[in-house]
Structures are given as C-alpha cells and as structure tokens.
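Written below as structure tokens is the structure these notes are about.
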Amino acid sequence: MPQCEHVLTPVDEVVSRMRALAAALPERDGVAVFNRVYLTVTEAVDRHIDAGLFADARAAITLDVRFAERYLTAVAAESQGRRAPACWRPLFQFRRHPGVRPLQFALAGINAHIGHDLALAVVDSCRTLGCEPAALEDEFDRVGELLVSLEERIREELMPGPDLLRIADPLTHLLGAWSLERARDAAWTAARALWALRGLPDVAGEFTERLDTAVGFAGRMLLTPLPD
Numbered sequence: 390m391p392q393c394e395h396v397l398t399p400v401d402e403v404v405s406r407m408r409a410l411a412a413a414l415p416e417r418d419g420v421a422v423f424n425r426v427y428l429t430v431t432e433a434v435d436r437h438i439d440a441g442l443f444a445d446a447r448a449a450i451t452l453d454v455r456f457a458e459r460y461l462t463a464v465a466a467e468s469q470g471r472r473a474p475a476c477w478r479p480l481f482q483f484r485r486h487p488g489v490r491p492l493q494f495a496l497a498g499i500n501a502h503i504g505h506d507l508a509l510a511v512v513d514s515c516r517t518l519g520c521e522p523a524a525l526e527d528e529f530d531r532v533g534e535l536l537v538s539l540e541e542r543i544r545e546e547l548m549p550g551p552d553l554l555r556i557a558d559p560l561t562h563l564l565g566a567w568s569l570e571r572a573r574d575a576a577w578t579a580a581r582a583l584w585a586l587r588g589l590p591d592v593a594g595e596f597t598e599r600l601d602t603a604v605g606f607a608g609r610m611l612l613t614p615l616p617d
C-alpha cells in the first residue's frame, strides 16, 4: 500500500529549530533537557496531523506553531541578552546548577510553557484564524492529552532510582505539588479570560503580567536545588 507523501508544514519548521537547538546545547543544560521533552511532543503532534487525527488540521497547526514560537522566542531573547518572560527566567538562571535534577528542569520548562505560553498561544491562534477559543477546544484538548502522557513518561524516566532515595524523597515532595493537568485547565481558563478582555488592552496586559509572574514563581520553586 503506497504511503502518503509528507507535505512540509510550519510545524516542520519549528521542529527543525528545536533540533538545531538540541544540537547546539550541552546535554545536561537545563534548557536542553526541556527542549528534548518538548521536541518529542511537537514531533508527536506533527505525526498526528499527518495521520489526519485532528478534525481541523489548520487549527491544530496554527495552535501548535504559535505555542512553539512562544518558547523559541524566549530562548532567542535569553541568548541575545534581552529580557525573557518571567515564567522562563528561573530555568535560564538555574540551567547549569549542579543541584537541580533533570526532572526538575523538564517540569520547570513545562510549567512555563503550559502555565503562561499556552493561554497566549490560544489567543494568538484565535486572532490568526478569526475564531473564538471554543472553536479550538478540541485541538487544545488533544495537544493537552499528548503532554499529560509525556509528563507521566518523563517522571518515570528521570526520577532517581531506589538507590537514590535520599535525593528522591525531597524531590518527590517538591514535584508532587505541581500537576500538568491542573496547569492545563488553568491555561484554558486564562485563555478564555484574555479573549474576553481583548477590548480592554490595559486590563489584559496587567492580567498577562500577573500570570507571567505567578508562573515564574512556581518555576523557581520547582528548581529548588537538592543535596547531592
């Protein structure tokens, strides 16, 4: 049976940029740890789009690309000496800290990207597509399901083994306080609120700034250095 020809999409472009970033960063760099996780998700979304698993491929592509661009823009700002969003600053600040574990780096990046970037990406997508957030809910949920399944896998892969319980005990306590599912639900609420506030730019700007700060604070807690 002949295979369908793969047509290059904007998702392929952001995948290429993430692969280039992965090749440029040291393996143990905190941003590199998150980048590997996020690259896996983006590649999975790309495969789902190619397989026709999204009812509205254009909406899925738009949301996925706007979402990825938020992360890539933050990384570019940091590398160029510009001020990155507050949600990303803890990861950039602690990316080489020897007391922070790979699982912490991965979840701190997910926290920033889901807690802040996802809501703004929904609003960006609505403006691009000329639709309400409700029209993107199916695509939002499907991407969210991929993220939740990946979070479960990285917790299993990156959590220290039983021979490192002295480290794992405080790590388990620290990371048990954060939930991707709760963060995803909060992101959907924030996206709808920002869309409702689009006619009040000052209020929307303040809401976005507070969201950014709060997510950054949570990220700083996730990156608490642990003893050797």
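Okay, so the sequence shown: first residue is 390 according to the numbering used here, each after it adds one.
C-beta atoms are modelled at their ideal positions from N, C-alpha and C, and glycine is treated no differently.
On the CB-based measure, 16 or more other CB atoms within 10 Å of its CB, does residue 521 come out buried or exposed?
Position 132 of the sequence shown, counting from 1, holds the residue named residue 521. Looking at its Cβ environment, which holds fewer than 16 other Cβ atoms inside 10 Å, residue 521 is exposed.
Which first and last residues belong to the alpha helix (DSSP H) in which residue 409 is found?
Locating residue 409 in the sequence shown gives position 20, counting from the first residue. Residues 399 to 413.
Mind checking residue 514: buried by the 16 CB within 10 Å criterion, or exposed?
For this step, residue 514 is matched to residue 125 along the sequence shown. Burial call: buried.
Taking buried to mean at least 16 other C-beta atoms within 10 Å of its own C-beta, is residue 442 buried or exposed?
Residue 442 sits at position 53 when you count from the first residue of the sequence shown. Classification for residue 442: exposed.
Which residues bound the alpha helix (DSSP H) around residue 597?
Stepping through the sequence shown from its first residue, residue 597 is reached at position 208. 590 to 611 is the span of the alpha helix (DSSP H), which, as asked, contains residue 597.
Assess contact between the stretch 499 to 509 and the stretch 569 to 580, defined as three or more Cβ pairs (one per stretch) separated by less than 8 Å. Is contact present?
yes
If you draw a straight line from the C-alpha of residue 399 to the C-alpha of residue 486, how long is it?
Counting from one through the sequence shown, the residue named residue 399 turns up at place 10. Counting from one through the sequence shown, the residue named residue 486 turns up at place 97. Taking the straight line from one Cα to the other gives about 34 Å.
Identify, in the order they occur along the chain, each residue of the same chain with its Cβ nearer than 7 Å to the Cβ of residue 430, setting aside the five sequence neighbours on each side.
One-based indexing of the sequence shown puts residue 430 at position 41. Cβ neighbours of residue 430 beyond the five flanking positions: 535, 536 and 539.
Just the C-alpha distance for residue 552 and residue 545, rounded to the nearest angstrom, thanks.
Counted from its first residue, the sequence shown places residue 552 at position 163. Counted from its first residue, the sequence shown places residue 545 at position 156. In this prediction, residue 552 scores a pLDDT of 46, lower than 50, which makes its location untrustworthy; no coordinate-derived value is stated.
How long is the line joining the alpha carbons of residue 579 and residue 508, rounded to whole angstroms?
Your numbering for residue 579 matches position 190 in the sequence shown. Your numbering for residue 508 matches position 119 in the sequence shown. Those two C-alpha atoms are separated by around 6 Å.
So the alpha helix (DSSP H) residue 491 belongs to, where does it begin and stop?
Mapped onto the sequence shown, residue 491 falls at position 102. That run of the alpha helix (DSSP H) goes 491 to 501.
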